[in-house]
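According to this note's numbering, the sequence shown is numbered sequentially starting from 3. We treat Cβ as the ideally placed atom computed from N, Cα and C, and that holds for glycine. The structure presented is a predicted model; accordingly, all values stated were derived computationally and were not measured.
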Amino acid sequence: MNLLILITSYLRARPLNTLLNVVLLSLGIAMITILLWFNKQMQEKNSGYYQRY
């Protein structure tokens with residue numbers, strides 16, 4: 003069987019499960035991105051603070 007046919011049949015058979023997986027994956031990626039951005043901002047803020055003293 004073609005892999006594309008298997009994928010589409012699975013997505014059609016379980017639409018709620020597919021939607022939940024996509025939403026949770028998106029939230030996880032968004033959380034990691036926000037944490038990395040926040041970490042970068044804090045490092046930049048602290049590096050400027052320590053250079054003054």
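Annotated as distal: Thr20 and Leu27, with beta-carbon spacing of 8 Å or more.
A straight line joining the alpha-carbon of Ile34 with that of Asn23 spans about 17 Å. Secondary structure note for Arg14: its alpha helix (DSSP H) is the uninterrupted segment 5–15.
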